[in-house]
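Enquirer: Positions in the sequence shown are counted from 1; adding 7 to them yields this note's numbering. Note that beta-carbon positions come from the ideal geometry of N, C-alpha and C, so glycine has one too. Here you go, one structure.
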Amino acid sequence: MQLLSLAELEREQRVLLLDLEFTCWEDSLNTGWSDPARPPEVIEIGIVAYGTIGGTVFNEYVSFVKPTINSQLSNYCKTLLGIAQDQVDMAQPLTTVVGDIERWLRHNGAERAPTCSWGVNDRKFKANNCLLVGCPDPFSERAHADLKMMIHEAFGSLAVGLQDRDRTRQLLGIPENPMRHRAIGDARELIAFFHCLRYEVGQVKHDSIAQEGRSISA
């Protein structure tokens, strides 16, 4: 997977802001879904076709996906994501959803647009899911922009704790996301992270250093 720099991302006319939700259990995040019997299966996909130059949202795509290995969501998963069992029960399997995504990409002129997300797990887990069910990954040949890494690099020594998305949102002054942990809500929120990374990181760093200085002098 080719990773883009911020400068390379800014030169792209259109980018796919991507967020996926996966089956999960209480220990999934801490263990990296290490239990082979409980892999991260896609249960919701959200994509925003976004123009980086004019800041325009061209279109959005969102769909539930029916998991195959663990079809019953854990109580933890349902509570965290706010997704009900019947929503995934009635969803299409990943093979069908991938076909829908490919048609949506062609319709929106985004056949070659890079993806952008918080980290790289969405891309990696999606590729593994496609391999598991034997369908092509519509993002496999695309470059990727990792906003989490970009923000971490931009803050340098001040980046301690900024691996956490919610902590980063607070530091950057981004409003609460009322659709947190839902695919389309988290995909839309990437616009705010991208905007702050592009225009406001310098001021946030200045304010953070000033606050640290006041704390030391006190």
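(1) Between residue 40 and residue 50, what straight-line distance do the alpha-carbon atoms span, to the nearest angstrom?
(2) With burial defined as no fewer than 16 other Cβ atoms inside 10 Å of the residue's Cβ, what is the status of residue 147: buried or exposed?
(3) If residue 123 sits next to residue 152, beta carbons under 8 Å apart, how far is it from one beta carbon to the other, in whole angstroms?
(4) Would you please state the rounded distance, in angstroms, between the beta carbons of residue 150 and residue 204? I believe it to be under 8 Å.
(5) How do the stretch 83 to 91 and the stretch 55 to 69 stand: do at least 3 beta-carbon pairs fall below 8 Å, yes or no?
(6) Does the distance from the CB of residue 16 to the CB of residue 22 come in under 8 Å?
(7) What's the gap between the Cα of residue 222 and the Cα of residue 185?
(8) Roughly how many angstroms separate the alpha carbons of residue 206 and residue 129, rounded to a whole number?
(9) Name the one or two DSSP bridge partners that residue 99 has.
(10) In whole angstroms, give me the CA-to-CA distance for residue 88 and residue 138.
(11) Roughly how many angstroms separate the alpha carbons of residue 25 and residue 92, rounded to a whole number?
(12) Thinking C-alpha only, which one of 19, 48 and 198 is nearest residue 125?
(13) Between the beta-carbon of residue 48 and the beta-carbon of residue 136, is there less than 8 Å?
(14) Locate the beta strand (DSSP E) running through residue 158, then write down its first and last residues.
(15) Helix, strand or coil: which one does DSSP assign to residue 123?
(16) When the distance is taken between beta carbons, is residue 27 closer than 8 Å to residue 134?
(17) Can you say whether residue 76 is buried or exposed, counting buried as having 16 or more other CB atoms within 10 angstroms of its CB?
(18) Run the CB neighbour count on residue 180, radius 10 Å, all protein chains shown included, and call it buried at 16 or more, exposed below.
(19) Taking just the CA atoms, how far does residue 140 sit from residue 70?
(20) In or out: residue 38 buried (at least 16 other Cβ within 10 Å) or exposed?
(21) Along the chain, where does the beta strand (DSSP E) that runs through residue 28 open and close?
Expert: Put simply:
(1) 15 Å
(2) exposed
(3) 4 Å
(4) Actually they are not in contact, since the Cβ atoms of residue 150 and residue 204 sit about 17 Å apart, beyond 8 Å.
(5) no
(6) yes
(7) Unreliable positioning characterises residue 222 in this predicted model, as indicated by a pLDDT of 43, which lies under 50. The coordinate reading is nonetheless provided below. So the alpha carbons of these two residues sit roughly 32 Å apart.
(8) 26 Å
(9) 72
(10) 25 Å
(11) 23 Å
(12) 198
(13) yes
(14) Not the beta strand (DSSP E): residue 158 falls in the alpha helix (DSSP H), residues 154 to 162.
(15) strand
(16) no
(17) exposed
(18) exposed
(19) 17 Å
(20) exposed
(21) 22 to 29
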